[in-house]
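Visitor: There's a structure below that I have some questions on.
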Amino acid sequence: MTNSTNPDAKAPNQAPSWSALAAHQKAISNQPIADLFTQDSARAEKYSLKAAGIHLDFAKNRIDDVGLTLLAQLAKERGLAERVKAMYRGETINSTEKRQVLHVALRSQLGELPEHLRDVDAVIAQMTEFVAAVHSGQWQGFTGETITDVVNIGIGGSDLGPNMVTQALTPFHKPGLRVHFVSNVDASDLSETLKELSPARTLFIVASKTFTTTETLTNANSARQWLLSSLADEAAVAKHFVAVSVNLEKVKAFGIDANNIFPMWDWVGGRYSLWSAIGLPIALACGMDHFNALRAGAAAMDEHFASAPLTENMPVIMAMLGVWYINFWGAESQAILAYDHYLNAFTKYIQQLDMESNGKGAYLHGGYLEHHTGPVIWGEVGTNGQHSFHQLLHQGTRFVPADFIVSLTSHNPLGQHHSQLFANCLSQSRALMLGKNETQAAAEFKAMGYSAAEAKQLAHHKVMPGNRPSNTLVVNSLNPETLGALIALYEHKVFVQSVIWGINAFDQWGVELGKQLCSEIHPALVTQADIEKFDPSTNALIALYKSANPQ
Ligand code: F6P
Numbered sequence: 001m002t003n004s005t006n007p008d009a010k011a012p013n014q015a016p017s018w019s020a021l022a023a024h025q026k027a028i029s030n031q032p033i034a035d036l037f038t039q040d041s042a043r044a045e046k047y048s049l050k051a052a053g054i055h056l057d058f059a060k061n062r063i064d065d066v067g068l069t070l071l072a073q074l075a076k077e078r079g080l081a082e083r084v085k086a087m088y089r090g091e092t093i094n095s096t097e098k099r100q101v102l103h104v105a106l107r108s109q110l111g112e113l114p115e116h117l118r119d120v121d122a123v124i125a126q127m128t129e130f131v132a133a134v135h136s137g138q139w140q141g142f143t144g145e146t147i148t149d150v151v152n153i154g155i156g157g158s159d160l161g162p163n164m165v166t167q168a169l170t171p172f173h174k175p176g177l178r179v180h181f182v183s184n185v186d187a188s189d190l191s192e193t194l195k196e197l198s199p200a201r202t203l204f205i206v207a208s209k210t211f212t213t214t215e216t217l218t219n220a221n222s223a224r225q226w227l228l229s230s231l232a233d234e235a236a237v238a239k240h241f242v243a244v245s246v247n248l249e250k251v252k253a254f255g256i257d258a259n260n261i262f263p264m265w266d267w268v269g270g271r272y273s274l275w276s277a278i279g280l281p282i283a284l285a286c287g288m289d290h291f292n293a294l295r296a297g298a299a300a301m302d303e304h305f306a307s308a309p310l311t312e313n314m315p316v317i318m319a320m321l322g323v324w325y326i327n328f329w330g331a332e333s334q335a336i337l338a339y340d341h342y343l344n345a346f347t348k349y350i351q352q353l354d355m356e357s358n359g360k361g362a363y364l365h366g367g368y369l370e371h372h373t374g375p376v377i378w379g380e381v382g383t384n385g386q387h388s389f390h391q392l393l394h395q396g397t398r399f400v401p402a403d404f405i406v407s408l409t410s411h412n413p414l415g416q417h418h419s420q421l422f423a424n425c426l427s428q429s430r431a432l433m434l435g436k437n438e439t440q441a442a443a444e445f446k447a448m449g450y451s452a453a454e455a456k457q458l459a460h461h462k463v464m465p466g467n468r469p470s471n472t473l474v475v476n477s478l479n480p481e482t483l484g485a486l487i488a489l490y491e492h493k494v495f496v497q498s499v500i501w502g503i504n505a506f507d508q509w510g511v512e513l514g515k516q517l518c519s520e521i522h523p524a525l526v527t528q529a530d531i532e533k534f535d536p537s538t539n540a541l542i543a544l545y546k547s548a549n550p551q
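Letter 360 of the sequence shown, counting from 1, is numbered 360 in UniProt numbering, and no numbers are missing.
In structure tokens form, the structure reads like this:
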């Protein structure tokens with residue numbers, strides 16, 4: 001990690017506030033969070049924010065006013081405000097790929113866009129027309145059947161965002177149209193999806209920004225064969241395949257009708273692209289009105305992010321608390337615990353957003369980092385996670401900050417389910433904060449009938465250190481607006497952290513080597529010749545594969 005020749009004079013650990021934060025961490029490292037509430041009766045109110053329909057309670061964190069002031073100072077010293085403006089202004093902040101970063105432009109309201117971004121409106125209009133045609137039955141399959149199933153073929157940002165949102169907005173789905181997602185090159189993904197579908201009533205969206213992604217093209221080719229094996233006419237492709245891509249030439253070469261292409265742009269990164277036509281499955285599942293409401297929710301968060309002062313800025317507060325724990329408390333991971341079943345895929349989505357953005361080891365301007373960057377993101381919907389890994393959160397030796405996400409109301413009011421869910425969510429953050437000391441643990445064992453000696457001996461097993469920090473994010477209801485705001489919140493959080501760390505959140509060079517090596521290894525698997533050109537381990541595994549799959 002260390003590099004004594006780091007040429008970047010602006011490394012964050014050279015900021016004056018960095019050493020002050022390190023000293024402050026030492027000063028408060030034994031301070032119980034619970035005591036902070038006693039010391040300041042207004043803490044719960046002071047340490048909470050409201051923006052774009054989201055309530056953030058960050059009072060259960062190992063932070064005080066001095067720490068927050070220092071974190072805001074670090075953000076200032078790192079030039080955050082200027083970087084945010086640079087992004088909104090459309091500067092080429094993704095300098096390693098020489099690209100602008102303008103996903104915020106994708107949710108601007110009509111008419112607000114500068115001239116060179118006006119084709120965003122044109123693509124939204126194209127989506128609106130297409131979605132209406134599919135919903136009304138005007139768009140028919142090759143044999144005149146109504147479309148009943150849409151299969152999105154894409155991977156990474158061309159899958160995770162639309163897939164997560166489509167699941168999250170299940171209560172808003174239009175009846176009569178089912179939307180499926182195929183991403184994995186493992187044929188089981190496509191085969192299991194197509195098993196139940198009728199070619200004459202199925203529409204494929206091939207979603208790939210680059211249209212060079214092997215997994216997506218392999219799945220799209222197999223899907224086309226499946227269609228043609230039933231409809232037996234190349235002309236059917238035009239009625240059953242549409243594409244979303246920057247690479248119009250490659251889409252046409254694949255055989256998709258030019259009228260069926262929804263363009264996107266270099267200036268939107270894959271993992272930030274669900275607001276573009278990559279969101280077509282969302283619009284087909286829920287309707288354009290809900291897709292636009294999702295965009296409006298994100299735009300409200302964009303507005304808050306661009307205008308709120310640092311200490312009242314929700315993405316900034318969440319980002320700086322993350323920096324605090326990663327760089328000053330040694331946190332290596334971040335749990336995302338959504339207490340909403342419709343957010344089942346949310347953590348998986350945030351994994352790409354955060355880990356592909358901030359899983360970096362070099363400064364934006366060159367040189368290797370001397371500090372840690374993005375955490376491992378993991379989690380599960382509540383209450384399922386409680387019966388799985390929460391044990392580690394409560395008693396394990398790791399320090400894992402957690403984000404709890406919960407709605408005040410349920411889409412499925414049923415008896416006391418929702419109050420139970422909400423109570424569980426609050427109980428977990430409170431248990432993480434309070435823990436249980438030895439005296440309490442021993443008393444519990446005694447109450448269970450153990451002798452005093454046994455209770456003392458066993459107490460350690462019940463002790464929970466507590467003082468484990470968390471945020472709680474609350475929405476009134478999980479709907480397109482609040483979901484849009486929630487996603488934008490995490491997008492901006494990730495960006496803020498990248499600015500503090502001095503890295504580029506918008507490239508992903510680390511995924512390239514695996515792709516290159518795969519293009520060398522794959523031919524070796526499908527040839528009769530013996531292969532010895534790789535390392536002995538890889539050669540042996542190739543031979544093993546070939547013994548099970550003779551050519
Ligand atoms: O995994 C690398 C990656 O480039 C992601 O950043 C991207 O979201 C995904 O592949 C899919 O790329 P495309 O949309 O170009 O097929």
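Cβ atoms here follow ideal geometry from the backbone N, Cα and C, with glycine treated the same way.
1) Unbroken beta strand (DSSP E) runs of length 3 or more, entirely within the stretch 275-342: which are they?
2) Quick check on N61: buried or exposed, where buried means 16 or more other Cβ atoms within 10 Å of its Cβ?
3) Can you tell me whether K209 sits near ligand 1, meaning its C-beta is under 6 Å from at least one heavy atom of the ligand?
4) Below 8 Å on the Cβ atoms is my contact criterion, and I expect H173 with C286 to pass it. Report the Cβ-Cβ distance as a whole number of Å.
5) Comparing C-alpha positions only, which one of Q386, M355, K250 and S95 sits nearest to V376?
6) Return helix, strand or coil for L544, following the three-state DSSP convention.
7) Report buried or exposed for L513, applying the criterion of at least 16 other Cβ atoms within 10 angstroms of its Cβ.
8) Is L227 helix, strand or coil by DSSP?
9) Shortest alpha-carbon distance to N219 belongs to which of T38, T210 and V185?
10) Confirm the yes/no value for this check: CB of V511, any heavy atom of ligand 1, distance under 6 Å.
11) Grouping DSSP H, G and I as helix and E and B as strand, with all else coil, what is residue 558?
12) Can the beta-carbon of L102 be found less than 7 Å from the beta-carbon of W267?
13) Mind checking whether the beta-carbon of G157 lies closer than 6 Å to any heavy atom of ligand 1?
14) Suppose you measure from the CA of G374 to the CA of N358; what does that come to, to the nearest Å?
15) Closer than 6 Å: is that where the CB of L270 sits relative to any heavy atom of ligand 1?
16) Check whether the Cβ of T214 lies closer than 6 Å to any heavy atom of ligand 1, and answer yes or no.
17) How is D159 classed by DSSP in three states: helix, strand or coil?
18) Kindly indicate the opening and closing residues of the alpha helix (DSSP H) around R89.
19) Cβ atoms of M464 and Q395: under 7 Å apart, would you say?
20) Mind the definition here: the stretch 360-368 touches the stretch 439-459 only if three or more C-beta pairs lie below 8 Å; say whether that holds.
21) Any heavy atom of ligand 1 closer than 6 Å to the CB of Q386?
22) Counting pairs of beta carbons, one from the stretch 86-102 and one from the stretch 37-45, are three or more of them closer than 8 Å?
23) Between L408, T69, I350 and F534, which has its C-alpha nearest N163's C-alpha?
24) Less than 8 Å between the CB atoms is what I'm expecting for A52 and H304, so what's the real figure, rounded?
25) For K252, name the three-state secondary structure that DSSP assigns.
26) For S429, is the classification buried or exposed, using 16 other Cβ atoms within 10 angstroms of its Cβ as the cut-off for buried?
27) With a threshold of 6 Å, establish whether the CB of Q508 neighbours any heavy atom of ligand 2.
28) Using only alpha-carbon positions, find the residue among L190, D257, I278 and N384 that is nearest to S208.
29) Pick helix, strand or coil for W267, following the three-state DSSP scheme.
30) Is G154 closer than 7 Å to A298 when the C-beta atoms are compared?
31) I'd like the span of the alpha helix (DSSP H) that includes H24, first residue to last.
32) Taking only the alpha-carbon atoms, compute the straight-line gap between F534 and G385 and give it to the nearest angstrom.
33) Using the Cα positions of E145 and T472, report the straight-line distance between them to the nearest angstrom.
34) What does the Cβ neighbour count give for C518, buried or exposed, with the cut at 16 atoms within 10 Å?
35) Roughly how many angstroms lie between the CA atoms of L337 and F389, to the nearest whole one?
36) Do you know how far the Cα of H461 is from the Cα of M314?
Guide: Judging by the given coordinates:
1) Segments of the beta strand (DSSP E) lying fully in the stretch 275-342: 333-339.
2) By the 10 Å Cβ count, N61 comes out buried.
3) When distances are taken from the beta-carbon of K209 to the heavy atoms of ligand 1, the shortest one is below 6 Å.
4) Contact between H173 and C286 is confirmed by a C-beta separation of about 6 Å, below the 8 Å threshold.
5) That would be M355, whose Cα lies nearest to the Cα of V376.
6) Looking at L544 - three-state DSSP - the assignment turns out to be helix.
7) L513 comes out exposed.
8) L227: helix per DSSP, three-state reduction.
9) The alpha carbon of N219 has as its nearest neighbour, out of T38, T210 and V185, the alpha carbon of V185.
10) At least one heavy atom of ligand 1 is nearer than 6 Å to the Cβ of V511, so yes.
11) Lying outside 1 to 551, the shown extent of the chain, residue 558 is not represented and no answer is given.
12) In this structure, L102 places its C-beta atom within 7 Å of the C-beta atom of W267.
13) Correct: G157 has its Cβ closer than 6 Å to ligand 1.
14) Rounded to whole angstroms, G374 to N358 spans 5 Å at the Cα level.
15) With the sequence shown as reference, residue 270 is identified as Gly, and Leu is not the correct amino acid for it. At least one heavy atom of ligand 1 is nearer than 6 Å to the Cβ of G270, so yes.
16) Not under cutoff, so the answer is no.
17) In this structure, DSSP gives D159 a state outside helix and strand, which the three-state scheme calls coil.
18) From DSSP, the alpha helix (DSSP H) with R89 extends over L80 to R89.
19) Cβ distance < 7 Å, so Q395 and M464 count as in contact.
20) Touching, no.
21) False, no ligand heavy atom lies under 6 Å from that Cβ.
22) No: fewer than three Cβ pairs fall under 8 Å.
23) With distances taken between Cα atoms, N163 lies closest to I350.
24) Right, their Cβ atoms sit about 6 Å apart.
25) Judged by DSSP in its simplified three-state form, K252 adopts helix.
26) By the neighbour-count definition (other C-beta atoms within 10 Å, threshold 16), S429 is a buried residue.
27) Ligand 2 is absent from the structure shown, which contains only ligand 1.
28) The option with the nearest alpha carbon to S208 is I278.
29) Note: W267 maps to coil in three-state DSSP.
30) Not a contact, by the Cβ cut-off of 7 Å.
31) Unbroken alpha helix (DSSP H) run through H24: P16 to I28.
32) Near 41 Å, if we compare the C-alpha coordinates of G385 and F534.
33) Rounded to the nearest whole angstrom, the CA to CA distance from E145 to T472 is 48 Å.
34) Answer is exposed; the Cβ neighbour count stays below 16.
35) F389 has its alpha-carbon roughly 11 Å from the corresponding atom of L337.
36) Roughly 38 Å separates the two Cα atoms.
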